[in-house]
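Have a look at this one:
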């Protein structure tokens, strides 16, 4: 096997996720969801992480046939993000927060922008689980979650 991340993103199948969440505390949002929503959450989590993180070369290896084999922590990060997504829709936030507006003023109209206030798309639990296997892309938006361990 060779180390390679180019063009790959970590994907988790439903069976893997069910095993992961069977051993995780506070996974009620996962256990209470139907299979269709679980699959959607896993797919969206994979896409969001792939867009928000630059994966280290050892996050993924390739078999001789080209199949990607992801590190266990990368798969766990997808699961954590999927759980977080099942508890909220990060795309449905107040418009001003999504734009990163920290403050505003009506008289002589002014606004202060802060990139730290951008709408969050990836939870801290996923990033902490991923650890050194991924570096957040500059400008990506993250948040903490009460489901983080």
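In our numbering, the protein residues as written are 262 to 410.
Even glycine gets a Cβ: it sits at the ideal position worked out from N, Cα and C.
Since the structure is predicted, the reported quantities are computational estimates derived from the model, not experimental observations.
1. Any chance the segment 336 to 350 sits against the segment 268 to 279, with 3 or more Cβ pairs inside 8 Å?
2. Would you call residue 284 buried or exposed, if buried means 16 or more other Cβ atoms sit within 10 Å of its Cβ?
3. Leaving out five residues before and five after residue 302 in sequence, what residues of the same chain have Cβ atoms less than 6 Å from its Cβ?
4. By the DSSP assignment, the alpha helix (DSSP H) with residue 396 in it spans what residues?
5. Could you tell me the alpha carbon to alpha carbon distance between residue 335 and residue 315, rounded to whole angstroms?
6. Under a Cβ-count criterion, where at least 16 other Cβ atoms within 10 Å of its own Cβ denotes burial, should residue 328 be classed as buried or exposed?
7. Hey, would you say residue 313 sits closer than 8 Å to residue 383, going by beta carbons?
For this structure:
1. The segment 268 to 279 and the segment 336 to 350 touch, with three or more beta-carbon pairs separated by less than 8 Å.
2. Label assigned to residue 284: exposed.
3. These residues qualify, in order along the chain: 343, 346 and 347.
4. Annotation for residue 396: no alpha helix (DSSP H) segment contains it, though the beta strand (DSSP E) segment containing it runs 395 to 397.
5. Going from the Cα of residue 335 to the Cα of residue 315 covers about 12 Å.
6. Taking all protein chains in view, the Cβ of residue 328 is surrounded by fewer than 16 other Cβ atoms within 10 Å, so the residue is classified as exposed.
7. For residue 313 and residue 383, yes; Cβs fall inside 8 Å.
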